[in-house]
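Written out below as structure tokens is the structure these notes cover.
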Amino acid sequence: MTVDPFIQGLKAVFAANPALKPARVSQEAGLSQSAIRKMFENDEASPRLFTARNIAAVLGMTIEDIVAQGDGAAPLARPTIAIAGKVGAGAQVPVFDAYAKGDGPQVECPPGLPPRGVVAVEVEGDSMEPVYSAGDLIFYTRDTPDGVPSDVIGHRCVVEDEDGMGWVKQVKAGDKPGMFHLISLNPGANTMWNKKLKWAARVRLAWPAELARKV
1 MTVDPFIQGL
11 KAVFAANPAL
21 KPARVSQEAG
31 LSQSAIRKMF
41 ENDEASPRLF
51 TARNIAAVLG
61 MTIEDIVAQG
71 DGAAPLARPT
81 IAIAGKVGAG
91 AQVPVFDAYA
101 KGDGPQVECP
111 PGLPPRGVVA
121 VEVEGDSMEP
131 VYSAGDLIFY
141 TRDTPDGVPS
151 DVIGHRCVVE
161 DEDGMGWVKQ
171 VKAGDKPGMF
181 HLISLNPGAN
191 TMWNKKLKWA
201 ARVRLAWPAE
211 LARKV
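1 is the number of the first residue of the sequence shown in the UniProt record's numbering; add one for each residue after it.
Next comes the structure, spelled out in structure tokens:
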């Protein structure tokens, strides 16, 4: 029996990128955690077009790109992610004023992080030391355009407050509905109590400045 061309190419993509995990890509594509593993085990059966498109989108590729990898094509350039602006921790930083829309730099997507829906911000200042340093990139996905989803409470988040300032803080529920405590990552810094937020998004990955490749 012949291996399905898409699955053959998908195997090549994972072989070339060891940091990519089938379970994580499956989940990002809206599939069961074991979906890609089962595809690899039954590699003669062609996946549904919808499934193949979703997997390709998570990888920042097209179906044709993936099939070509199975034919021995040269590895594609790593997908890129937009840097939306800068964030601070102690000093106030306008979250999206650093670059005009569409004019900001791009950074190569770190290995193992599916690029779909992901945005990066750059850390400004040293007030988050030793957790984050100036120039580090923080990657996040906004699941909703506005508001603070309940599942981000208690986690490190990129947030924008009502004044348009961007922060990286641990978000805790405030004393009143719609208010939030912003806990500093630096133990010596002050907590911001009962702040209103335009939105909050959980940090997915922090990438040291020396590893980031801007393009």
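Idealized CB from N, CA, C, for every residue including glycine.
With DSSP run on the structure shown, which of helix, strand or coil describes residue i?
i      : result
Thr62  : coil
Met192 : strand
Glu28  : helix
Asp4   : coil
Pro22  : helix
Leu137 : strand
For residue i, does the count of other Cβ atoms within 10 angstroms reach 16, so buried, or fall short, so exposed?
i           : result
Arg156      : buried
Val25       : buried
Phe50       : exposed
residue 231 : One cannot answer for residue 231 here, as it falls past the ends of the chain, which runs 1 to 215.
Would you report the Cα separation of residue i and residue j, rounded to the nearest angstrom?
i      : j      : result
Pro18  : Leu182 : 36 Å
Leu137 : Gly147 : 23 Å
Gly60  : Pro79  : 6 Å
Ala16  : Trp167 : 36 Å
Ala68  : Pro5   : 9 Å
Ala120 : Leu211 : 14 Å
Asp43  : Gly72  : 18 Å
Ala98  : Arg202 : The predicted position of Ala98 is uncertain, since its pLDDT is 49 and thus under 50; a value taken from the coordinates is nonetheless stated next. Taking the straight line from one Cα to the other gives about 21 Å.
Return the residue from the list the options that minimises the CA-CA distance to residue i.
i    : options                  : result
Ile7 : Arg37, Ile153 and Asp151 : Arg37
Looking at the unbroken beta strand (DSSP E) that takes in residue i, where does it start and where does it end?
i      : result
Glu108 : Gln106 to Glu108
Glu122 : Val119 to Val123
Val168 : Met165 to Ala173
Hey, could you find the ends of the alpha helix (DSSP H) residue i is sitting in?
i      : result
Arg204 : Careful: Arg204 lies outside any alpha helix (DSSP H), inside the beta strand (DSSP E) at Leu197 to Trp207.
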